[in-house]
Amino acid sequence: VFRRLLIANRGEIAVRVVRACRDMGISPIAVYSEPDAQAMHVRMADAAYLIGPGPATESYLRIDRILDAARQSGAEAIHPGYGFLAENADFAQACSDAGLMFIGPPPSAMRDLGRKTDARKLMQAAGVPVVPGTLDPLSTFDEVREAAAAVGFPSSSVALKAVAGGGGKGLRMVADPAALEASYRQAMSEAGSAFGDAAVYLERAIERPRHVEVQILADQHGNCVWLGERDCSIQRRHQKVLEESPSPAVDQELRERMGDVAVRAAQAAGYTNAGTVEFLLAPDGSFYFLEVNARLQVEHPVSEEVTGMDLVREQIRVAAGEPLGYDQAAISRRGYAVECRIYAEDPAAGFLPSTGRLIGYRAPAGPGVRVDSGVEEDASISLYYDPMIAKLIVHAADRQQGLDRMARALREFLILGVKTSIPLHRWLVAHPDVRSGNVDTGWLEREWSAANASTFAAEDLELAAIASALLVDSSRSTAGATVHAARADLDAWRLAARRAALR
Amino acid sequence: MAAYQVTIGERVVRVELRRNGERVMVRVDDGDEQPAEWSTVHGPLRQLVIGERRVELLAARSADGISVAIAGLEYRCEVVDEAHARLASVAGARTASHTRRELKAPMPGLIVAILCHPGGEVAPGQPLVVLQAMKMENDLSLPRSGKIVSVTAEPGQTVEQGQVLLVVE
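Chains as they are written, first to last, in my numbering: chain A, 1 to 503; chain B, 1 to 169.
#1: Of all the CB atoms in chain A, is at least one closer than 8 angstroms to the CB of B:D32?
#2: Please report the distance separating the alpha-carbon of A:F287 from that of A:M258.
#3: In terms of residues, what are the limits of the alpha helix (DSSP H) holding A:S183?
#4: Here's the rule I'm using: 16 or more other beta-carbon atoms within 10 Å means buried, otherwise exposed. How should A:A14 be labelled?
#5: Does the beta carbon of B:S67 sit closer than 8 angstroms to a beta carbon anywhere in chain A?
#6: At a Cβ threshold of 8 angstroms, is A:S59 touching chain B?
#7: Hey, is B:A96's beta-carbon within less than 8 angstroms of any beta-carbon in chain A?
#8: In angstroms with no decimal places, state the Cα-to-Cα distance between A:N452 and A:V17.
#9: By the three-class DSSP mapping on this structure, what secondary structure does B:I66 have?
#10: Kindly list the residues whose CB is nearer than 6 angstroms to the CB of B:E33, restricted to its own chain and excluding five residues on each side of it in sequence; keep chain order.
#11: Taking C-beta pairs closer than 9 angstroms, name the residues in chain B that A:S157 reaches, listed in chain order.
#12: For a contact defined as C-beta to C-beta under 9 angstroms, what are the partners of A:I393 on chain B?
#13: Can you list, in chain order, the residues of its chain whose CB lies under 8 angstroms from that of B:A59, leaving out five sequence neighbours each side?
#14: I need the straight-line Cα distance from A:V130 to A:I103, nearest angstrom please.
#15: Starting from B:V151, find everything on chain A with Cβ-Cβ shorter than 7 angstroms and list it in chain order.
#16: Between which two residues does the alpha helix (DSSP H) containing A:R272 stretch?
#17: State the Cα-Cα distance for the pair A:A479 and A:N293, rounded to the nearest angstrom.
#18: Is the Cβ-Cβ distance between A:I63 and A:D46 less than 8 angstroms?
#19: Taking Cβ-Cβ distances shorter than 9 angstroms, what residues in chain B pair up with A:A77?
#20: Below 7 angstroms on C-beta distance, what does B:C116 contact in chain A?
#21: Between the alpha carbons of A:L424 and A:A407, how many angstroms are there, rounded?
#22: In angstroms with no decimal places, state the Cα-to-Cα distance between B:S39 and B:R61.
#23: Under 8 angstroms between the Cβ atoms of B:C77 and B:V6?
#24: Between B:M1 and chain A, is the shortest Cβ-Cβ distance under 8 angstroms, so that the two count as touching?
#25: Output needed for A:R509: all residues of its chain with C-beta closer than 7 angstroms, excluding positions within five of it in sequence on either side, in chain order.
#26: Using only the alpha-carbon positions, how far apart do A:L281 and A:A464 sit?
#27: In the DSSP assignment, what are the bridge partners of A:A390?
#28: Here's the rule: buried if 16 or more other CB atoms are within 10 angstroms of the residue's CB, otherwise exposed. What is A:Y553?
#29: Which class does A:Q328 belong to by DSSP, given the choice of helix, strand or coil?
#30: Check each residue of the region 175–204 of chain A: if its Cβ is closer than 8 angstroms to any Cβ of chain B, include it; give the result in chain order.
#31: If you follow the alpha helix (DSSP H) that A:M44 is part of, which residue opens it and which one closes it?
#32: Where does B:H42 land, buried or exposed, given buried means 16+ other C-beta within 10 angstroms?
#33: Would you mind giving the Cβ-Cβ distance between A:A467 and B:L17, rounded to the nearest angstrom? I have them listed as a contact below 8 angstroms.
#34: Check each candidate in A:D90, A:E207, A:F84, A:A396 and name the one with the smallest Cα separation from A:E304.
#35: Taking the alpha helix (DSSP H) that A:E447 belongs to, which residues open and close that run?
#36: Spell out whether any CB of chain B is found under 8 angstroms from the CB atom of A:D36.
Rendered as structure tokens:
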């Protein structure tokens, strides 16, 4: 296919793409910012190009510098990963103008799907169910009031959403007529600051929905298949926390219907490459188009584990113009997979990001366990980027075994130096509602309180106390003047932390 | 014999160690004395056997004491040698690390709001300061209860990582 491929990303996803390149005999090229000079994705690549200082706006978002690096390296293709420039149609266009293959959908499809009102029109015309609401941006409060009344407000709630957006920014749920105008202004102002476009539209709110998405794969010859669904209903502030497949709320008949609709949605947009069609699934079994994620998603390994496919490999093949070479009947699914996103944040303290050096890191392993990570012991979690440490994915014969295996793997995961979301995940996989699959997108925020983070802390607290006393005591008994040594040690840490903060 | 007071969040655990050649006997609070084995596998990876229980863990010094990771959870432990603590109190000094607690900025940012005032009582986990960093507003709290002695930050102020924002006793 290609001889050289440049990866316009960092962290675990850059490492993931490097590995797919190696599997395919392609030479992977990395780009990096100054603080990432020693990062895993840089060390694993055949060549690496410095593209600027830490802040993403001066490095990983600099289209000009990334294209320069591609030219210098002789790369023929660019994989954008997720985040950064992955859904930037101008970047996709700039790649193709520079004669580089962009591993993703065509810029035209990205543009059509990027504006939510355009996407809704496109989907409605293609017979894809959309949530009742407006198909055009709303420009006055009078229009908002009329549109709300048209979908049954206030007997049912409404959602105001950013036309340019996604990910919950510029989103306001409204139940109270008195709050409608203020919510409209807030949604506009938030959309304006997040996307540089204040336009909003309105939908009827679906009560207690699940988030169910369908992975699709389309080649440039008109072939498109769906690989099954992922249930991402466990969310916090519209960020996915746990993703699983199959969904406990989807049976084979519904799965096939959603799959067919997802393929229709992709074809309506002229979509090629890997993509995800997101739906809201209502408690009555009806489902509605939410948006298309025009990229590889964070949670793609869940589908890989269930189907046995390598999605990055398929992305590269399809971008090179190869036909899929298989049809829907050839896609099979086996067992159950679940992913936990392990973040450097403290669930006991309002999910405050926790930065610093990983002074200890021991990842789980063994049957059915996969860890996608871009860090290891001694790596730093910096303020500049997404604080994800690793994605922990397990595969098992069925859902109960999968959740048991996840609980086991979480216990094996030992991280020292930064606070992590593992206490949240241990609590989740043990929770009766999660075990029974009885959750919706608002469940975690209703059920969560900071005290839940200590659910399991009491079990081993005395052991931790003994270990810390033994550590202090043995360093004291093995060397003289260790109290001073310890102080010097501490001060060196503080200096390092200060230096890291100033960079 | 050595005895340590180990503070983990709200809990204070007394750990008594008695070395007998290669062996260590451990007593936790008023419990029975139990034999322990403590060994370093490599780096921060250790093995602890205490009575009937065997556990692998990570343990190392960190910026604020000793960090220990067991079964996916991290414990931040403050370890104070009882003999030192007694000496210090005899000398009239405050056992600073014991009763005083500083809330420090975990990252550089902008103080958006101070949610407490000097003299006020605070509960563990209660939001005390709102710090904006990385475009996110973060509630800062302390793991232990106490009384606010002083507040050294104010809304609108830009703070560095590690800067003391308030002191609780």
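Backbone N, C-alpha and C fix where the C-beta goes; we use that ideal spot for every residue, glycine too.
This is what the structure gives:
#1: no
#2: 8 angstroms
#3: 180–195
#4: buried
#5: yes
#6: no
#7: Only weak support exists for where B:A96 lies, its pLDDT of 44 falling under 50; the value from the coordinates is given anyway. No, B:A96 does not count as interfacial toward chain A.
#8: 36 angstroms
#9: strand
#10: M25, R27
#11: Near A:S157 there are no residues of chain B at all, since even the closest Cβ is about 25 angstroms away, more than 9 angstroms.
#12: What A:I393 touches in chain B: nothing, since even the nearest Cβ is about 16 angstroms away.
#13: P44, R46, I66, S67, V68, A69
#14: 28 angstroms
#15: Within chain A, no residue comes near B:V151; the closest Cβ sits about 19 angstroms away, beyond 7 angstroms.
#16: Note that residue 272 of chain A is Thr in the sequence shown, not Arg. First-last for A:T272: undefined, no H or E at that position.
#17: Its pLDDT being 47, under 50, A:A479 is placed unreliably by the model, and nothing is read from it.
#18: no
#19: Here the premise fails: no neighbours, minimum Cβ distance about 32 angstroms.
#20: Per Cβ cutoff of 7 angstroms: no residues; B:C116 is ~15 angstroms from chain A at best.
#21: 11 angstroms
#22: 16 angstroms
#23: yes
#24: no
#25: Nothing can be reported for residue 509 of chain A, as the shown portion of chain A is limited to 1 through 503.
#26: 44 angstroms
#27: A:I342, A:S373
#28: Since the first and last residues shown for chain A are 1 and 503, residue 553 of chain A lies out of range.
#29: helix
#30: none
#31: 40–44
#32: exposed
#33: 12 angstroms between Cβ atoms; not a contact.
#34: A:A396
#35: 443–447
#36: no
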